[in-house]
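S.K.: In order, the protein sequence lines correspond to chains A and B.
For the first sequence, the residue numbers in the working numbering are 1 to 115.
For the second sequence, the residue numbers in the working numbering are 1 to 113.
For glycine and all other residues, C-beta sits at the position ideal for the given N, C-alpha and C.
Following this message is one structure expressed as structure tokens.
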Amino acid sequence: DTGVSQNPRHKITKRGQNVTFRCDPISEHNRLYWYRQTLGQGPEFLTYFQNEAQLEKSRLLSDRFSAERPKGSFSTLEIQRTEQGDSAMYLCASSLGTRSQETQYFGPGTRLLVL
Amino acid sequence: EDQVTQSPEALRLQEGESSSLNCSYTVSGLRGLFWYRQDPGKGPEFLFTLYSAGEEKEKERLKATLTKKESFLHITAPKPEDSATYLCAVQAWDAGGGNKLTFGTGTQLKVEL
Chain A
1 DTGVSQNPRH KITKRGQNVT FRCDPISEHN RLYWYRQTLG QGPEFLTYFQ NEAQLEKSRL
61 LSDRFSAERP KGSFSTLEIQ RTEQGDSAMY LCASSLGTRS QETQYFGPGT RLLVL
Chain B
1 EDQVTQSPEA LRLQEGESSS LNCSYTVSGL RGLFWYRQDP GKGPEFLFTL YSAGEEKEKE
61 RLKATLTKKE SFLHITAPKP EDSATYLCAV QAWDAGGGNK LTFGTGTQLK VEL
């Protein structure tokens with residue numbers, strides 16, 4: 001399977017703990033995105049990488065959130081000192097961006113529950 | 001700020017009963033409008049991209065159309081396996097080079113036998 005993969009698929013943690021999620025994009029895709037989705041809502045943009053450079057961050061991304069994409073391959077999203085409001089599905093998407101068009105392909109998501 | 005509104009929020013159809021889902025949008029400059037299908041507990045699955053008013057795309061029982069203010073996803077003779085949440089998203093031309101998608105809240109479709 002050459003699609004976007006995410007690990008873990010589910011994570012349950014206690015408030016105040018740190019968690020880290022991993023995303024492996026489709027090979028050769030140079031762009032990688034993180035979104036967050038809560039029940040009954042559409043995905044909301046968090047941050048975006050082109051190769052290894054983090055080019056945009058949403059104001060939704062508080063100081064407790066950090067993302068990396070070393071060497072422009074896989075990416076990690078870390079949440080420090082988790083809060084109950086962080087409970088959501090965290091989605092990763094990748095694309096092969098061209099000047100005229102870009103389609104983002106999503107992974108299966110990581111569902112986070114903060115107790 | 002880019003905005004996407006989808007209607008209806010939920011739709012229940014009998015098998016074979018055709019209908020349309022609506023996506024209204026406001027965006028500074030439309031780079032692309034995207035339709036995704038999402039099954040419970042899974043990530044969105046790409047369906048279509050539309051780039052300019054008047055464009056249409058088809059895939060099996062689905063047909064997407066685009067005007068300057070809205071997009072429609074037409075479902076012809078739906079089957080129970082078409083049951084899912086259908087998400088609409090826009091991508092704007094951004095002077096800063098951003099490529100994020102702005103999503104609506106989706107239409108939850110249920111097709112019954």
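So residue 37 of chain B and residue 47 of chain B are supposed to be a Cβ contact under 8 Å. How far apart are they, rounded?
M.R.: Translated into positions along the second sequence, residue 37 of chain B becomes position 37. Translated into positions along the second sequence, residue 47 of chain B becomes position 47. Sure, about 6 Å apart at Cβ, within 8 Å.
S.K.: Does the pairing of the stretch 69-82 of chain A with the stretch 4-17 of chain B give three or more beta-carbon distances under 8 Å?
M.R.: no
S.K.: From what residue to what residue does the beta strand (DSSP E) around residue 74 of chain A run?
M.R.: To locate residue 74 of chain A, count along the first sequence from 1; it is residue 74. Residue 74 of chain A -> no beta strand (DSSP E), and no H or E assigned at all.
S.K.: Would you list the residues sitting across from residue 32 of chain B in a DSSP beta bridge?
M.R.: As a first step, residue 32 of chain B is located in the second sequence; it is residue number 32 there, counting from the start. Bridge partners of residue 32 of chain B: B/91.
S.K.: Verify the CB distance criterion: does residue 3 of chain A have a CB-CB separation below 7 Å to chain B?
M.R.: Stepping through the first sequence from its first residue, residue 3 of chain A is reached at position 3. With 7 Å as the cut-off, residue 3 of chain A does not count as an interface residue toward chain B.
S.K.: Give me whichever residues DSSP pairs with residue 2 of chain A in a beta bridge.
M.R.: Working through the first sequence from its first residue, we reach residue 2 of chain A at position 2. The partner list for residue 2 of chain A (beta bridge, DSSP) is empty, contrary to what the question assumes.
S.K.: Please report the straight-line C-alpha distance between residue 105 of chain A and residue 113 of chain B, rounded to a whole angstrom.
M.R.: Working through the first sequence from its first residue, we reach residue 105 of chain A at position 105. Working through the second sequence from its first residue, we reach residue 113 of chain B at position 113. Taken atom to atom, the span from the alpha-carbon of residue 105 of chain A to that of residue 113 of chain B is near 31 Å.
S.K.: Three or more C-beta pairs closer than 8 Å, one from the stretch 60-80 of chain B and one from the stretch 5-22 of chain A: is that the case here?
M.R.: no
S.K.: Please list the partners that residue 49 of chain B has in chain A, where partner means a Cβ-to-Cβ separation under 9 Å.
M.R.: The residue given as residue 49 of chain B occupies position 49 in the second sequence. Within chain A, the residues near residue 49 of chain B are 101, 102, 103.
S.K.: Going by DSSP in three states, residue 101 of chain A sits in which element: helix, strand or coil?
M.R.: Within the first sequence, numbered from 1, the residue matching residue 101 of chain A stands at position 101. Here residue 101 of chain A sits in coil by DSSP.
S.K.: With 7 Å as the threshold, decide whether the Cβ of residue 72 of chain A is near any Cβ in chain B.
M.R.: Numbered from its first residue, the first sequence carries residue 72 of chain A at position 72. So, not an interface residue.
S.K.: Return the residue from the list B/109, B/90, B/106 that minimises the CA-CA distance to residue 28 of chain B.
M.R.: Here residue 28 of chain B corresponds to residue number 28 of the second sequence, with the count starting at 1. Checked all of B/109, B/90, B/106; the closest Cα to residue 28 of chain B is B/90.
S.K.: Helix, strand or coil: which one does DSSP assign to residue 68 of chain A?
M.R.: Within the first sequence, numbered from 1, the residue matching residue 68 of chain A stands at position 68. Reduced to three states, the DSSP call for residue 68 of chain A is strand.
S.K.: Take residue 115 of chain A and list the residues in its own chain whose beta-carbon comes closer than 6 Å to its own, dropping the five residues that flank it on each side.
M.R.: The residue given as residue 115 of chain A occupies position 115 in the first sequence. Result list for residue 115 of chain A: 14, in chain order.
S.K.: Can you tell me whether residue 81 of chain B is helix, strand or coil according to DSSP?
M.R.: Taking the second sequence and counting its residues from 1, the one referred to as residue 81 of chain B is at position 81. Three-state result, residue 81 of chain B: helix.
S.K.: Quick one: which residues of the stretch 12-40 of chain B get their C-beta closer than 9 Å to a C-beta of chain A? List them in chain order.
M.R.: Taking 9 Å as the Cβ-Cβ cut-off against chain A, the residues of the stretch 12-40 of chain B that qualify are 31, 32, 34, 36, 38.
S.K.: Terminal residues of the continuous beta strand (DSSP E) containing residue 114 of chain A?
M.R.: Numbered from its first residue, the first sequence carries residue 114 of chain A at position 114. 110-114 is the span of the beta strand (DSSP E), which, as asked, contains residue 114 of chain A.
S.K.: Is it buried or exposed for residue 12 of chain A, if we count other Cβ within 10 angstroms and need 16 for buried?
M.R.: Translated into the one-based positions of the first sequence, residue 12 of chain A becomes position 12. Result: exposed.
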